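Contents: one structure, followed by commentary.
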Amino acid sequence: MRFSFIRWNHSAKVSSRVICFLLLITILANSSTITIATFDTNTPIIGQKIHSNIIIDWNNLITELGIKEKLSPPEFARVYALVHVAMYDSLLAAAANREEYSATFDNKSFYVSSIAEAASTVLNYLFPNHSDEIDKLKSIQIGQAQNYDDNNLSIQSGQMLGHRVSQAVIDHAKTDNSKMLWNSTKTLHVKNQKCIWNGSNPINPMAGFWKTYILKSGSEVQPGIPTQCNSEADLQDVRETYDISKNRTPKHNAAIHYWGDKPPPVVWNNILNQHIQKYNMSILQVAYSSVYLNVGMYDGFVSCWYTKYNYWTARPFQRIGNITTEIPTPNFPGYTSGHSVISMVASRVLGEIFPDERDYFKGQAIEAALSRLLAGIHFKQDIINGIDQGDKVAEKVVDDMHKPIHPFIYGS
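For this note's numbering, add 16 to where a residue sits in the sequence shown, where the first one is 1.
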């Protein structure tokens, strides 16, 4: 299995904080050649012998807490992105600040304690009612850091740096527009139109205005306008959706529930975690892969939600009185399909990291998208245009992956 980590443009300018990074290294893992790019030729490999579970454990805790708190898909993506940015930026900062913190560059305890502090502090900000679970994992990882090296100065220095990174991420979270209030009176006129979503208390109506990481804004990548209401193409879409709902098979239902019983960010993070374990990836590879997956999905959600609350299109059950859905219809407009957008972004990011499995990831994305049509909760145009929208968002994300390595918030 060939693992492609980063393709460098060696002529590109690099920020002063990360000027030390730029070395191509080949590592053998599970009898597979894994080609990655990390740092300069005088630098040991970051985290080569640090177990990937340091990051996976935090990812799993995000999943656990997000499910407990019943986060919406965009909220879930926001939390994943913030915490993974904190861990990734702390890892890069640990390399750039090793002299300031008097820690040797290959000191594993320094990296682990920095990551643990950054992740736990951001999570405590996001989930203040779950400090016991968060602090427990932090204590476990600080204990692991002591097993690597009982040098208290190294551990304390790592925690100091991790705290600085976390504060920068928290400052970003406080100003990312996620607390914007929706003025429902401004959209009341929309609901009187035909083929329009007419529910109440829509989920995250302002998420299309949240700050993005790679996209300039949620409006940067947008699909064309939906099919004209009650046009022949529109009515054909309605008929097809109804016909599909009457002919579901057990295989269809299995796909519907696989992709629908958990928010899509959870499913795609689980897929990445399985591949991390499969290929015995280093902590830098894990941090890089996880941060791009999650900021990519987050930006995809912002783009998608901008579309949803721009057009307010109806769901199938709002236009087809006798349709039976396999799963409940989410409480927000239909166009475009979030699963279609997000899954296409995720598949493109993972395909860039694991190029030999690119077709597999694309197939998973198509299945995720079609599962929403099969479930009776989306029209075909939601799916097709959502896939295209996700592909265009993914282009921006993949372009960023090809740039010199850089932090997202701290020191950016």
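We put the beta carbon where it would ideally sit given N, CA and C, even for glycine.
None of these values were measured; they are calculated from a predicted model.
Checklist entry - Whole-angstrom Cβ separation of leucine 309 and asparagine 289, contact assumed at under 8 Å? => result In this structure leucine 309 does not touch asparagine 289 by the C-beta definition: roughly 10 Å separates them, more than the 8 Å allowed.
Checklist entry - In this structure, what does DSSP give as the bridge partners for threonine 329? => result Beta-bridge pairing links threonine 329 to Ile212.
Checklist entry - Around the Cβ of lysine 190, are there at least 16 other Cβ atoms within 10 angstroms (buried) or fewer (exposed)? => result Its Cβ having fewer than 16 others within 10 Å, lysine 190 is exposed.
Checklist entry - Can you name the start and end residues of the alpha helix (DSSP H) that tryptophan 74 belongs to? => result Tryptophan 74 -> alpha helix (DSSP H) spans 69 to 84.
Checklist entry - So what's cysteine 245 in DSSP terms, helix, strand or just coil? => result Correct three-state label for cysteine 245: coil.
Next on the checklist: Considering only their Cβ atoms, is the gap separating glutamine 175 from glutamate 133 smaller than 7 Å?
Outcome noted: For glutamate 133 and glutamine 175, yes; Cβs fall inside 7 Å.
Item to check | Through-space distance from valine 311 to valine 357, alpha-carbon basis | outcome: Pairing valine 357 with valine 311, the inter-Cα distance amounts to about 13 Å.
Item to check | Which listed residue (Leu197, Val237 and Thr228) has its alpha carbon closest to that of proline 218 | outcome: Ranking Leu197, Val237 and Thr228 by Cα distance to proline 218 puts Leu197 first.
Checklist entry - Do threonine 228 and phenylalanine 395 come within 7 Å of each other at the CB atom, strictly closer than that value? => result Not closer than 7 Å, so no.
Item to check | Separation of threonine 79 from serine 147, as counted between CA atoms | outcome: Going by the C-alpha atoms only, they are around 15 Å apart.
Item to check | Under the three-state DSSP convention, the category leucine 309 falls into | outcome: Three-state result, leucine 309: helix.
Item to check | Length of the line joining the Cα atoms of serine 235 and serine 319 | outcome: Between the alpha carbons of serine 235 and serine 319 lies a distance of about 6 Å.
Item to check | the stretch 153 to 167 in contact with the stretch 179 to 194 per 3-pair CB rule at 8 Å | outcome: No, they do not touch.
Item to check | Local conformation of valine 357 per DSSP, three classes | outcome: Helix at valine 357.
Checklist entry - Looking at C-beta atoms only, is the number of pairs between the stretch 362 to 382 and the stretch 243 to 256 that lie closer than 8 Å three or more? => result Too few Cβ pairs lie closer than 8 Å, so no.
Checklist entry - Given a threshold of 16 other Cβ atoms within 10 Å of its Cβ, counted over all protein chains shown, does histidine 418 qualify as buried or as exposed? => result Exposed, since its Cβ has fewer than 16 Cβ neighbours within 10 Å.
Next on the checklist: As an exercise, report each continuous alpha helix (DSSP H) stretch of at least 4 residues that is fully enclosed by the stretch 222 to 308, in chain order.
Outcome noted: When DSSP assignments are scanned along the stretch 222 to 308, the uninterrupted stretches of alpha helix (DSSP H) that are 4 or more residues long and fall wholly within it turn out to be 248 to 261, 266 to 276 and 280 to 295.
Checklist entry - Do isoleucine 429 and alanine 270 have their CB atoms nearer than 7 Å? => result Any property of residue 429 remains undetermined from this structure, which presents the chain solely from 17 to 428.
Next on the checklist: Spatial neighbours of leucine 366 within its chain, please: C-beta separation below 6 Å, excluding the five flanking residues on both sides.
Outcome noted: If you ignore the 5 residues before and after leucine 366, its C-beta comes within less than 6 Å of the C-beta of Phe377, all in its own chain and listed in chain order.
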